[in-house]
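Heads up: the structure comes next, in structure tokens.
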Amino acid sequence: MKKYRVELGKVRHLFKRHLPLPIVKKLQFWALRIEMIGLLETRKIKGFHDEPLHGDRTGQRSIRLNEAYRAIYEIRDNIDIVIIEVIEVNKHEY
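Position 8 of the sequence shown, counting from 1, maps to 562 under our numbering, and the rest follow consecutively.
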């Protein structure tokens, strides 16, 4: 089984001032789950609503952190490890 690593570097600056604490905690929980049980098993957790994006964001996926916030991520598959890079956390516009 491949190992997974979640990189939050591009969004970590948002943790202290810009994101509500429950959003930060859910993102950290999601990242921990991926590293513990893998991406495919984590995608089965219905509460995250993991889905592929389309159009300009083809190749990216999103998860729901609550009704308003989404995290956008990309997958980089290396030989020994799959890197999940969270590239954006934003308030979803309806």
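Don't be surprised by glycine CBs; every beta carbon is placed ideally from N, CA and C.
Please return the same chain residues whose Cβ sits closer than 7 angstroms to the Cβ of residue i, not counting the five positions on each side in sequence.
| i | result |
| --- | --- |
| R615 | D604, E605, P606, L607 and Y627 |
| G613 | E628 |
Leaving out five residues before and five after residue i in sequence, what residues of the same chain have Cβ atoms less than 8 angstroms from its Cβ?
| i | result |
| --- | --- |
| V636 | K556, K557, Y558, R559, L593, I629 and R630 |
| N620 | P576, I577 and K580 |
| E561 | I637, I638, E639 and V640 |
Reducing DSSP to helix, strand and coil, say where residue i ends up.
| i | result |
| --- | --- |
| E621 | coil |
| R611 | helix |
| V578 | helix |
| R571 | coil |
| I641 | strand |
| K600 | helix |
| I626 | strand |
| I588 | helix |
Can you give me the Cβ contacts of residue i inside the same chain, cut-off strictly under 6 angstroms, excluding the 5 residues immediately before and after it?
| i | result |
| --- | --- |
| R587 | T596 |
How about residue i: is its C-beta nearer than 7 angstroms to some C-beta of chain C?
| i | result |
| --- | --- |
| P574 | Reference to chain C is not applicable here, since this structure consists of a single protein chain. |
Which residues does DSSP list as the beta-bridge partners of residue i?
| i | result |
| --- | --- |
| I635 | K557 |
| E605 | S616 |
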